[in-house]
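Numbering (the working numbering), first residue to last: 11 to 264.
By construction, the Cβ of each residue, glycine as well, lies at the ideal position given by its N, Cα and C atoms.
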Ligand SMILES: [Mn+2]
């Protein structure tokens, strides 16, 4: 894919719509929509890199209530010709066709590789990559399985979504550590993942969410690991203008 003159690619993740409560989430939802309205003037492509919703579980004919303004904005943008692609995160891995059917937005359930205007990208939410976190990798395998999802859909939506909401708020936080800041390259699994990957394949940019840290970390061979941060604390996103990548914050500081 090549960018047209003056056009850009935008990346954002970890909106976690729904937490900590409806009213607070609504404020964040509106902020995200303002941001989308601002970028639509020069965006050619938008990647939503996971954990868009704090809880999402799609039944065959039922989706969770809420997020109408956000979904409406995505529909408007997609209908207007903006190329949008989404990823599942560890909080919203149970997406199964609603975005595709209703919005025309493809959803990736695993990382992807792309070449945009001559630069190579590795893009994914980032959960379950790199060494360690065996418990989570096992849990993810179970939760991702068709059988588990089929069984879960036998539960009434009120109970099913309620249970998922309860688990999300009380369960272990796989973004743990964000409060403590960057843990150093040895402890940051995503840095380890990048270093390992670079030994075999070169990417100009690794784009991840999940860590809830806004990061632009230099790697060997001129590569960079961008962590998109989140929209709970940072309102951060990344922009690629065809030449370079920058981390930015909304509203812009200047
Ligand atoms: Mn997250």
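- Task: Take residue 92 and list the residues in its own chain whose beta-carbon comes closer than 8 Å to its own, dropping the five residues that flank it on each side.
- Result: So the qualifying residues of the chain are 50, 53, 54, 55, 56.
- Message: So the candidates are 31, 253, 99; which of them puts its Cα closest to the Cα of residue 24?
- Response: Per the C-alpha coordinates, the member of 31, 253, 99 positioned closest to residue 24 is 99.
- Message: My assumption, with CB atoms under 8 Å, is that residue 22 sits in contact with residue 59. Please give the rounded CB distance.
- Response: 7 Å
- Query: Could you check where the beta strand (DSSP E) with residue 97 kicks off and where it finishes?
  - Reply: 93-97
- Report yes if the C-beta distance between residue 140 and residue 203 is below 7 Å; otherwise report no. The Cβ-Cβ distance between residue 140 and residue 203 falls below 7 Å.
- Query: If we ignore side chains and look at the alpha-carbon of each, how far apart do residue 79 and residue 41 end up?
  - Reply: 11 Å
- Item | DSSP-derived helix/strand/coil call for residue 11 | Under the three-state reduction of DSSP output, residue 11 falls in the coil class, being neither helix nor strand.
- Message: At a cut-off of 6 Å, would you count residue 61 as near ligand 1, judging by its Cβ distance to the nearest heavy atom?
- Response: yes
- Sub-7 Å separation of residue 28 and residue 63 beta-carbons: Their beta carbons are under 7 Å apart, which means residue 28 touches residue 63 by this criterion.
- Message: Quick check on residue 19: does DSSP put it in helix, strand or coil?
- Response: strand
- Item | Straight-line Cα distance separating residue 193 from residue 33 | 33 Å
- Message: Run through the DSSP bridge pairs and tell me what residue 148 is partnered with.
- Response: In the DSSP output, where bridge partners are listed per residue, residue 148 has none listed.
- Query: Count the other CB atoms within 10 Å of the CB of residue 176; is the residue buried (16 or more) or exposed (fewer)?
  - Reply: exposed
- Taking C-alpha atoms, which residue in 11, 263, 157 lies nearest to residue 128? Closest by alpha carbon: 11.
- What does DSSP give as the partner residues of residue 246 in its beta bridges? 259
- In terms of residues, what are the limits of the alpha helix (DSSP H) holding residue 37? 32-49
- Query: For residue 86, which option in 104, 216, 47, 74 has the closest C-alpha, if you only look at C-alpha atoms?
  - Reply: Ranking 104, 216, 47, 74 by Cα distance to residue 86 puts 47 first.
- Message: Between residue 26 and residue 254, how many whole angstroms is the CB-CB distance? I'm expecting something under 8 Å.
- Response: Contact doesn't hold; Cβ gap of about 28 Å is too wide.
- Item | Cβ-based neighbour list, residue 120, same chain, cut-off 8 Å, excluding 5 preceding and 5 following | 134
- With DSSP run on the structure shown, which of helix, strand or coil describes residue 70? coil
- Task: Please work out which residues of its chain come closer than 7 Å, Cβ to Cβ, to residue 14, disregarding the five sequence neighbours upstream and downstream, and give them in chain order.
- Result: 54
- Message: Let me confirm a value: residue 104 is counted as buried when at least 16 other C-beta atoms fall within 10 Å, else exposed. Which label applies?
- Response: buried
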